[in-house]
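Peer 1: Chains as they are written, first to last, in my numbering: chain U, 16 to 249; chain C, 16 to 249; chain Y, 16 to 249; chain V, 16 to 249.
Ideal Cβ positions, reconstructed from N, Cα and C, are used throughout, including at glycine.
Since this is a predicted model, take the numbers as computed values, not measurements.
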């Protein structure tokens, strides 16, 4: 995963919160834009041997909020490049769309890529609907203990599906939380980051324009997921 | 649209019906496999000028059933090649997955394609997960009034979303119906058709193996859609 | 095909000419940017029934020049979305790269697209390497006899392949010409056009920035191709 | 890279050799089918920070032959998923086409993939033109010194381009050799492999049907390339 944490106008974050949720007090405009290059499988591991069904990349925004006296992370925008990940994301409350996601991989032989070492340089890009939406660059400066602070809380997601009557009513309108288990993290590096977001007539991502970069991170992560908890239904 | 109607084992159709629905009496094993090459837009027509957001292709199965003394059409499998069509399909009760869909277009100049005339030959293919799932061929024999009988009824669809608890309970479990309005049809041709379905370890389409071809059709269609009706909730 | 003809700085055109070729006298900065949505096949027509091998879209630039007292058309940049078209293009002297090409199709039923009539509006876009490079819009104003004047001459193309020694020498360095036969044109419409070219760090297209729009065209075309003529070898 | 070495009918190998080349004496039917997941860049490393231009996957066949008293490796078939790699391959004599290539990546955290250790299991697949062409599986059994013997010689490639006259004559008809420099190899593992090749009406790969598996390998490799040597011109 490649993470860029930065500050945007807190008003832009507030617009993306569920009802009754509020901005956090500390650093309310903090945003994480995260690229991830995954392998994924079910309990029988069959997808691992047919990697078209296992590998996918995604790019997603994480913000934070307060709700019921707790601090939550929340994903308002996410793009992914495979349909199985898109449908699973809907189950989990991620509002996934398709995009083209690319991120540099570190290498251990040869010269065509960065090593996980001081000075290693990474790039990451996001395109959707034929328009480039985001570009990030990261140069590693030091090993660290944690890949940022924005994406560290339980997720607070809406799961919403309108009624087929298309009359403004909902067939499903839930506030849910979820987090993985058996999480394992390795190779956590911090670095200096750059980020550009680009306007698109059909995307809202650039409303979260970076005013100040907080930092950038590279890390590896493995995690399992089984389910979450419904917190509220409308 | 390119349609192949054929007969499969009615037991295979029965497996795909909602609870309380039964096979139709006449031709209970009839199936339509339909390829469609669409343009789509909202009320402001903006997608038409940015066709990456307007054009998509899909391939879908239609079967029929009886439910509450009426005859319904129903789509148990469908593949599509754009995300906006996939998400809209979920709203409508279509269980869409991504696939690569190709179908021959008729032409009016040159030689690289069929004319809409006797002897015009079309091909259509479906691939998903890197495996070819279906191939059809159609040779036009005559103009006709209707592109088949399987896809002509109101749709009877399930809209189902499991609870995030992943405990077997559902957050949304509806039986809905929908049909378009302002439908317009042109250039309806019938012909002789061939169809091959291919096994895949991760798809169920080939369970609907063709035992006998009923016929093939080409036609053009335009239709608008606004909403549907919830028939039952579990 | 959807064509936008416009004027750029003639110096930008001159940079793209082969040695010994010069700008034309009349309208030396005229450029055509053309989108095409093709079906293609060989002599046995087998690709028509397997349309993944038949259908492709492309977007290409055409300029004109004088060489040996004749006027030629020439394609300095072209993007295409299938490999068979890319390799055939290399044979013909087209410097093809892959891109995502989309263009509105006219319709005859329904509402999701323009009719071939006054006021019909079309869009066309080009993306490569995850960056949008061009967007065009066309509104039809009248039927006409010819879809522009820039792409009407025999093509003057370089076919060049460097030696594997990568020492600056060439294994193939030809100036060739080619044109199709059995060409057939229909539904030629003229209209008002808009065009935007976007900068990319890895493409030169935006150097041909439009200073003035000449016009826009829609037409259908069919053409066969067998071979060309080698005019000069270096 | 994931390599499966196997034996096919030597006659099938002989059909793919250049004129004057002959089968090798030892194991003349040996074939390597190799999947590779690359990052690639030029001398300024700019592609590394825009990984859509750096990352690509390929799947290729390697056979061996004798020519002028030396043993050579040779690539008769290769599929790749990016255009920059396709065009560079043409320069090097690789007859590249586009395909969808997937191969399992080893992991160091979590459970969604194999570790580089005894029992680690990998899958690899190739699809082109919407049809699956090859599937391989590898289970690691031991670290080893070399990832097979078929792909270890200098490459003997044809570089051929027909004249635009399409009259059977050639504009470029070369026999070339090339190999990389600064090669670096790591993590070389051997294992047991399975391989299935599938028929396609438009591909010749399945002519090289596996009669007996020799072995399978995983390894990492980095290599630089600048040029090659023209051995003969027709």
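Residue 237 of chain V and residue 180 of chain V: beta carbons closer than 8 Å?
Peer 2: Against a cut-off of 8 Å, the Cβ pair of residue 180 of chain V and residue 237 of chain V comes out as no contact.
Peer 1: Per DSSP, residue 88 of chain Y forms a beta bridge with which residues?
Peer 2: In DSSP, residue 88 of chain Y forms a bridge with Y:79, Y:170.
Peer 1: Report the neighbours of residue 191 of chain Y on chain D: residues whose CB is nearer than 7 Å to its CB, in chain order.
Peer 2: Within the model displayed, chain D is absent; protein chains U, C, Y and V are what it includes.
Peer 1: Nearest to residue 71 of chain C by CA position, among C:42, C:87, C:37, C:117, is which residue?
Peer 2: The shortest C-alpha separation from residue 71 of chain C is found at C:117.
Peer 1: Along chain C, in chain order, which residues have C-beta atoms closer than 7 Å to that of residue 65 of chain Y?
Peer 2: 138, 140, listed in chain order.
Peer 1: What runs of the beta strand (DSSP E), each 3 residues or longer, lie entirely inside the region 151 to 233 of chain V?
Peer 2: Fully enclosed beta strand (DSSP E) runs of 3 or longer: 170 to 177, 185 to 193, 196 to 212.
Peer 1: If contact means a Cβ-Cβ distance below 8 Å, which residues of the region 110 to 135 of chain U contact chain V?
Peer 2: Flagged, chain order: 115, 117, 118, 119, 120, 122, 123, 124, 125, 126, 127, 128, 129.
Peer 1: Nearest chain C C-beta to residue 82 of chain U closer than 8 Å, yes or no?
Peer 2: So no, residue 82 of chain U is outside the interface.
Peer 1: Please list, in chain order, all residues of the same chain as residue 229 of chain C whose beta carbon is under 7 Å from its beta carbon, the five residues on each side excluded.
Peer 2: Only 20, 21, 22, 45 meet the Cβ criterion.
Peer 1: Assign residue 233 of chain U to one of two classes, buried (16 or more other C-beta atoms within 10 Å of its C-beta) or exposed (fewer than that).
Peer 2: By the neighbour-count rule (16 or more Cβ atoms within 10 Å), residue 233 of chain U is buried.
Peer 1: Counting only Cβ-Cβ distances shorter than 9 Å, please list the residues of the region 221 to 233 of chain C near chain Y, keeping chain order.
Peer 2: The residues in question: there are none.
Peer 1: Which stretch, first to last residue, makes up the beta strand (DSSP E) that contains residue 137 of chain V?
Peer 2: Start and end: 136 to 143.
Peer 1: So which residues on chain C does residue 149 of chain Y lean against when the C-beta distance must stay under 7 Å?
Peer 2: In chain order: nothing, as chain C lies at least about 12 Å away.
Peer 1: Using the Cα positions of residue 48 of chain Y and residue 59 of chain C, report the straight-line distance between them to the nearest angstrom.
Peer 2: Distance between the alpha carbons of residue 48 of chain Y and residue 59 of chain C: 27 Å.
Peer 1: Helix, strand or coil for residue 8 of chain U? Go by DSSP, reduced to three states.
Peer 2: It is not possible to answer for residue 8 of chain U, since the shown part of chain U is limited to 16 through 249.
Peer 1: Using a Cβ-Cβ cutoff of less than 6 Å, which residues in the same chain neighbour residue 67 of chain V once the five nearest sequence positions on both sides are dropped?
Peer 2: Nothing listed; no residue qualifies.
Peer 1: Compare the Cα-Cα distances from residue 208 of chain C to each of C:64, C:124, C:221, C:150 and report the closest residue.
Peer 2: Cα-wise, what sits closest to residue 208 of chain C is C:150.
Peer 1: Which of the three DSSP states is assigned to residue 29 of chain C in this structure?
Peer 2: Here residue 29 of chain C sits in helix by DSSP.
Peer 1: With distances taken from CA atoms, which of C:111, C:130, C:112 is nearest residue 251 of chain C?
Peer 2: Since the first residue shown for chain C is 16 and the last is 249, residue 251 of chain C is missing from the structure and cannot be characterised.
Peer 1: In whole angstroms, give me the CA-to-CA distance for residue 235 of chain U and residue 203 of chain U.
Peer 2: So the two alpha carbons sit approximately 7 Å from each other.
Peer 1: How should residue 115 of chain Y be labelled, buried or exposed, when 16 other C-beta atoms within 10 angstroms of its C-beta is the threshold for buried?
Peer 2: Buried, since its Cβ has 16 or more Cβ neighbours within 10 Å.
Peer 1: By the DSSP assignment, the beta strand (DSSP E) with residue 48 of chain C in it spans what residues?
Peer 2: Residues 45 to 54.
Peer 1: Identify the continuous alpha helix (DSSP H) that holds residue 105 of chain U and give its terminal residues.
Peer 2: Residues 98 to 107.
Peer 1: Near residue 156 of chain V, what residues of its chain come up, given a Cβ to Cβ distance below 7 Å and the 5 sequence neighbours on each side ignored?
Peer 2: So the list reads 133, 205, 206, 207, once near-sequence residues are dropped.
Peer 1: Hey, residue 90 of chain C and residue 109 of chain C: beta-carbon distance below 8 Å or not?
Peer 2: In contact: residue 90 of chain C and residue 109 of chain C (Cβ atoms closer than 8 Å).
Peer 1: Under 9 Å Cβ-Cβ, which residues of chain C neighbour residue 101 of chain U?
Peer 2: Neighbours of residue 101 of chain U on chain C, chain order: 98, 101, 102, 113.
Peer 1: Would residue 176 of chain V pass as an interface residue toward chain Y - the criterion being a Cβ-Cβ separation below 8 Å?
Peer 2: Yes - at least one Cβ of chain Y is within 8 Å of the one on residue 176 of chain V.
Peer 1: I'd like to know whether the C-beta of residue 54 of chain Y is nearer than 8 Å to at least one C-beta of chain C.
Peer 2: Yes, its Cβ sits closer than 8 Å to a Cβ of chain C.
Peer 1: So residue 95 of chain U is in the beta strand (DSSP E); what residue range does that whole segment cover?
Peer 2: Per DSSP, residue 95 of chain U belongs to the beta strand (DSSP E) from 93 to 95.
Peer 1: Taking C-beta to C-beta, are residue 105 of chain Y and residue 220 of chain Y nearer than 8 Å?
Peer 2: Not closer than 8 Å, so no.
Peer 1: So, for residue 69 of chain C: in the same chain, excluding its five sequence neighbours on each side, which residues have a beta-carbon less than 8 Å away from its beta-carbon?
Peer 2: Closer than 8 Å at the Cβ level, and outside the excluded window around residue 69 of chain C, lie 54, 55, 56, 62, 63.
Peer 1: Checking the sheet assignment: what are the DSSP bridge partners for residue 146 of chain C?
Peer 2: The partner list for residue 146 of chain C (beta bridge, DSSP) reads C:143.
Peer 1: Quick one: Cα of residue 185 of chain C to Cα of residue 187 of chain U, how far?
Peer 2: Cα to Cα, the separation comes out at about 10 Å.
Peer 1: Decide if residue 249 of chain U is buried, meaning its Cβ has at least 16 other Cβ atoms within 10 Å, or exposed.
Peer 2: Exposed, since its Cβ has fewer than 16 Cβ neighbours within 10 Å.
Peer 1: Rounded to whole angstroms, what's the CA-CA distance from residue 214 of chain Y to residue 168 of chain Y? Just pull it up for me.
Peer 2: Taking the straight line from one Cα to the other gives about 29 Å.
Peer 1: Would you call the CB atoms of residue 112 of chain U and residue 65 of chain C closer than 8 Å?
Peer 2: No. Outside cutoff.
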